[in-house]
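Chemist: Counting in the working numbering, the sequence shown runs from 7 upward without gaps.
Every residue, glycine too, gets a C-beta built ideally from N, C-alpha and C.
I'd like to ask some things about the structure below.
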Amino acid sequence: MAVPSVSTPASLPELSLSALWPTLGLALGPAVALGLARFAYALMLPAMQGSLGWNYTQAGGLNTASAVGYLLGAATGAGVGRRLGLRHAFLLGMLITALALLASGLTGNYSWMLLWRALAGVGGAVTFVTGGALAAELASRFNARSGGLIVGGYFGGVGLGIMASGAVVPALLAAGVRWEGAWWAVGALALAACAYSWRSTVGMGGRVAGAGGGGVRLNLIPLTPTLISYFLFGAGYVSYMTFVIAFLRGEGLGSGAVAAFWIVLGAAVVASSWVWRDPIARWPTRQSLALILLVLAIGTALPLASAALLPVFVSGILFGGCFLAVIAAITALVRRTLPGAVWASALGAATATFSAGQVLGPIWSGWLSDITGTLNWGLLGSALLLLIGAAVATGQREKAST
């Protein structure tokens, strides 16, 4: 089954109940790839630093390893999808990620932890790239509004993973479970998600000749402003998601408040699918993406003004309500401006650009925090990167493909 073309006739139907189950199955891919594999680490970081004696550069280095793996997976995801079929590649990536999460609780050796984080990144990126193409395929069976809900729901799956980790990890740590046990619990959640996705996506994808581009040449030059913004977003947002929990714990927030903050942030991610659906669908990308990045920068900087509960929770709502909307906006731009045959390849290239930013962000922010002796400067630097990304995004122009 080839990935369909970008056109979506008005005669196509509304979203049906039967499509909700595969949509959830696809959404669990990002829940594992990012919500658990990437972001649950922030919840464990204070306990791991206390047990293992890491500085912030070392702590950031683990998420840099994850980002390096993610970059490799993003670069190869479309090819894996062509060889195995999108669905099989999607599920294989989920399984590899889940096993890497389980392995992360086996040892505190830094070198081994770098390996497991990198492996989780590879599997997560393959899942994310191929799942995005599957979501686009499913969305094209329905009208534009319903298709937007499917794509938005797919990316909103990240919030499900964040919420699940927020409900489980702080409670385990507060109950005296060591960080190793928290990793095993997260890995078990990922395996359960993989099982559901396997059952609910039967019949999707297949060997997709069109997913890799076929005879259509991929040209990303017209999307240069958006790709630069995506790079800056990758560098800026991941530092917040790596260190914000350590920052809040350093400001005196207890386990209950941290868990509530993380769950609220995850719920905002899920809600963002509906909040940003119409602006992303109707506005030019130069407007929607710039506004999203501006709000993200405000959310990132807000805890620096005050670590009281109200501004902290507002920060979580603003950040969670926007950061996956960036990826949804990129996907919408790809769908509007490129032929369907190159969607998977275009998303893979965009994800690689994003991942390159993620490689630099955590270790730079950790180093900056180490030399200044405070996480404040790392978070402030992240906010500035997001502001620059918003400015660059205003240069994007769009012309739909024919």
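To the nearest angstrom, how far is the alpha carbon of G67 from that of I286?
Modeler: 34 Å
Chemist: Would G209 and P36 be called neighbours here (beta carbons separated by less than 8 Å)?
Modeler: no
Chemist: Closest by CA to A274, which one among G158, L26, A80, G127?
Modeler: G158
Chemist: Does the distance from the C-beta atom of A80 to that of A124 stay below 8 Å?
Modeler: no
Chemist: Roughly how many angstroms separate the alpha carbons of G218 and L390, rounded to a whole number?
Modeler: Any reading at G218 is ruled out, since the residue's pLDDT is 46, under 50, leaving its predicted position unreliable.
Chemist: CB-CB under 7 Å to R213, same chain, minus the five flanking residues each way: which ones, in chain order?
Modeler: Low local confidence applies: a pLDDT of 46 at R213 is under 50, so the model's placement there is unreliable, and no value is given.
Chemist: In three-state DSSP terms, what is V264?
Modeler: Judged by DSSP in its simplified three-state form, V264 adopts helix.
Chemist: Whose CA, out of L308, I156, S110, W282, lies closest to the CA of L297?
Modeler: W282
Chemist: Is it buried or exposed, Y76, if we count other Cβ atoms within 10 angstroms and call 16 or more buried?
Modeler: Buried, because 16 or more other Cβ atoms sit within 10 Å of the Cβ of Y76.
Chemist: I'd like to know if the region 100-115 and the region 180-198 are in contact, where contact means that at least 3 CB-CB pairs between them fall below 8 Å.
Modeler: Below 8 Å, enough C-beta pairs join the region 100-115 and the region 180-198 to call them touching: three or more.
Chemist: According to DSSP, is G448 part of a helix, a strand, or is it coil?
Modeler: This structure does not reach residue 448, given that the chain is present from 7 up to 408, and the question cannot be answered.
Chemist: Whole beta strand (DSSP E) runs in the region 318-395 with 3 or more residues, listed along the chain?
Modeler: none
Chemist: Distance, Cα to Cα, F239 vs L299?
Modeler: Each residue's Cα considered, the two are about 8 Å apart.
Chemist: Pick out whichever of G372, A109, F134, L385 has its Cα sitting closest to the Cα of L78.
Modeler: F134
Chemist: Can you tell me where the alpha helix (DSSP H) holding I102 begins and where it ends?
Modeler: 92-109
Chemist: With a cut-off of 8 Å on the beta carbons, I'd call S203 and G395 a contact; round off their distance for me.
Modeler: Going by Cβ atoms, the distance from S203 to G395 rounds to 32 Å, so no, they are not a contact pair.
Chemist: Smallest Cα separation from I369: which of F360, G384, G379, A355?
Modeler: G384
Chemist: What do you get for G182, buried or exposed, if any count of 16 or more other CB atoms within 10 angstroms of its CB means buried?
Modeler: exposed
Chemist: Rounded to a whole number of angstroms, what is the C-alpha to C-alpha distance between G216 and R255?
Modeler: Bear in mind that the predicted position of G216 carries a pLDDT of just 43, short of 50, making it too unreliable to give a figure here.
Chemist: Ordered along the chain, which non-local residues of its own chain (more than five positions away) have a Cβ less than 6 Å from that of V332?
Modeler: If we look at V332 and ignore the five residues flanking it on each side, its Cβ neighbours are F239, I298.
Chemist: Among G387, V264, N69, M169, which one has its Cα closest to the Cα of A307?
Modeler: G387
Chemist: Could one say the Cβ of F267 lies closer than 8 Å to chain D's Cβ atoms, at least one of them?
Modeler: The question asks about chain D, but that chain is absent: this structure has only one protein chain.
Chemist: Is the separation between the beta-carbon of G41 and that of G165 shorter than 8 Å?
Modeler: In terms of Cβ geometry, G41 and G165 form a close pair [threshold 8 Å].
Chemist: Should W122 go down as buried or exposed, given a rule of 16 or more other Cβ atoms within 10 Å for buried?
Modeler: So W122 ends up on the buried side.
Chemist: Within the same chain, show all residues whose beta-carbon is closer than 6 Å to that of M54, passing over the 5 residues directly before and after it, in chain order.
Modeler: Contacts found: W185.
Chemist: Under 8 Å: do the region 261-277 and the region 58-72 share three or more Cβ pairs, one atom per stretch?
Modeler: no
Chemist: What residue range does the alpha helix (DSSP H) around W118 cover?
Modeler: For W118, the uninterrupted alpha helix (DSSP H) run begins and ends at 116-145, by DSSP.
Chemist: Can you list, in chain order, the residues of its chain with a C-beta nearer than 6 Å to that of L393? Leave out the 5 residues immediately preceding and following it.
Modeler: A303
Chemist: Please report the distance separating the alpha-carbon of W280 from that of N115.
Modeler: Put simply, the backbone Cα of W280 is about 42 Å away from that of N115.
Chemist: Sorted by chain position, which residues of the same chain lie with C-beta nearer than 6 Å to V250's C-beta, five sequence neighbours on each side aside?
Modeler: none
Chemist: Rounded C-beta distance between G87 and G172? I'm assuming under 8 Å.
Modeler: At roughly 31 Å, the Cβ-Cβ gap does not stay under 8 Å, so G87 and G172 are not in contact.
Chemist: I need the straight-line Cα distance from L107 to A43, nearest angstrom please.
Modeler: 7 Å
Chemist: First and last residue of the alpha helix (DSSP H) that includes F239?
Modeler: 230-256
Chemist: Relative to the alpha-carbon of W268, which residue among L155, P176, E143, I156 has its alpha-carbon at the smallest distance?
Modeler: P176
Chemist: List the whole-angstrom C-beta distance separating V276 from F319, where the pair is believed to meet the contact cut-off of C-beta under 8 Å.
Modeler: Between F319 and V276 the Cβ distance is about 16 Å, and since that is not below 8 Å, they are no contact.
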